[in-house]
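The block underneath contains the structure these notes are about, expressed in structure tokens.
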Amino acid sequence: MLNPQLYGISVNWDDIPATEVRPGVRRKVYATDEVLFAWHELAVGMDLNPHHHDDFDQLVLILGGRCNYYVDGVPHPMGPGSLLLVPRGAEHYIEPTEGPCINVDVFAPPRADFLPHAWRPGQG
Numbered sequence: 028m029l030n031p032q033l034y035g036i037s038v039n040w041d042d043i044p045a046t047e048v049r050p051g052v053r054r055k056v057y058a059t060d061e062v063l064f065a066w067h068e069l070a071v072g073m074d075l076n077p078h079h080h081d082d083f084d085q086l087v088l089i090l091g092g093r094c095n096y097y098v099d100g101v102p103h104p105m106g107p108g109s110l111l112l113v114p115r116g117a118e119h120y121i122e123p124t125e126g127p128c129i130n131v132d133v134f135a136p137p138r139a140d141f142l143p144h145a146w147r148p149g150q151g
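The opening position of the sequence shown corresponds to residue 28 in the numbering used here, with each subsequent residue numbered one higher.
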């Protein structure tokens with residue numbers, strides 16, 4: 028059953044508070060029952076975090092700054108407007124080179140470990 032609280036409303040992205048995940052990484056998360064949207068503000072020099080996801084692909088969009096986005100060891104230079112699809116199972120990480128680097132990730136289905144941090148309408 029779809030959550031009626033999430034459908035048919037307008038949300039202003041600027042009203043969603045960012046949380047510091049670790050030094051140099053701030054995140055906002057918004058999710059519906061079907062898809063999750065994660066915004067990250069990344070500082071040059073942040074600790075890198077190589078990882079992989081076995082259950083879903085990840086669509087990456089860079090909105091600001093510049094970075095090298097590594098997928099299975101291959102760097103992909105990216106800047107504003109760049110899109111990259113990271114296939115499930117591929118080791119990947121982002122290395123900001125000009126900051127702040129603004130990175131938006133889309134996960135479908137929603138990434139379970141991010142869901143507890145997702146903003147919901149009515150939250151401050």
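The beta-carbon is built from N, C-alpha and C at its ideal position, and this holds for glycine as well.
Per DSSP, the bridge partner or partners of residue i
| i | result |
| --- | --- |
| MET73 | Paired residues: none, contrary to the question. |
| VAL87 | LEU111 and ASP132 |
| TRP40 | Answer is none; TRP40 lacks a bridge partner. |
| THR46 | ARG54 |
| GLU68 | ARG53 and ILE129 |
Residue i burial status per 10 Å Cβ neighbour count (16 or more: buried)
| i | result |
| --- | --- |
| TYR34 | exposed |
| ALA139 | exposed |
| MET28 | Reliability of the predicted coordinates at MET28 is poor, the pLDDT of 45 falling under 50, and no value is obtained from them. |
| ASP85 | Going by the sequence as given, residue 85 is Gln instead of Asp. It is buried - the Cβ of GLN85 has at least 16 other Cβ atoms within 10 Å. |
Beta-carbon gap between residue i and residue j smaller than 8 Å
| i | j | result |
| --- | --- | --- |
| ALA117 | VAL133 | no |
| ARG115 | ASP82 | yes |
| HIS144 | VAL56 | yes |
| LEU112 | ALA58 | no |
| PRO127 | GLU68 | yes |
| VAL38 | LEU90 | no |
| TRP146 | ILE43 | yes |
| ARG49 | ASP74 | yes |
Residue closest to residue i, alpha-carbon to alpha-carbon, out of the options
| i | options | result |
| --- | --- | --- |
| HIS103 | GLU122, GLY91 and ARG115 | GLU122 |
| ALA135 | GLN32, PHE64, VAL52 and PRO50 | PHE64 |
| ASN76 | TYR96, GLU61 and VAL62 | TYR96 |
Residue i, enclosing beta strand (DSSP E) - first and last residue
| i | result |
| --- | --- |
| HIS103 | 101–105 |
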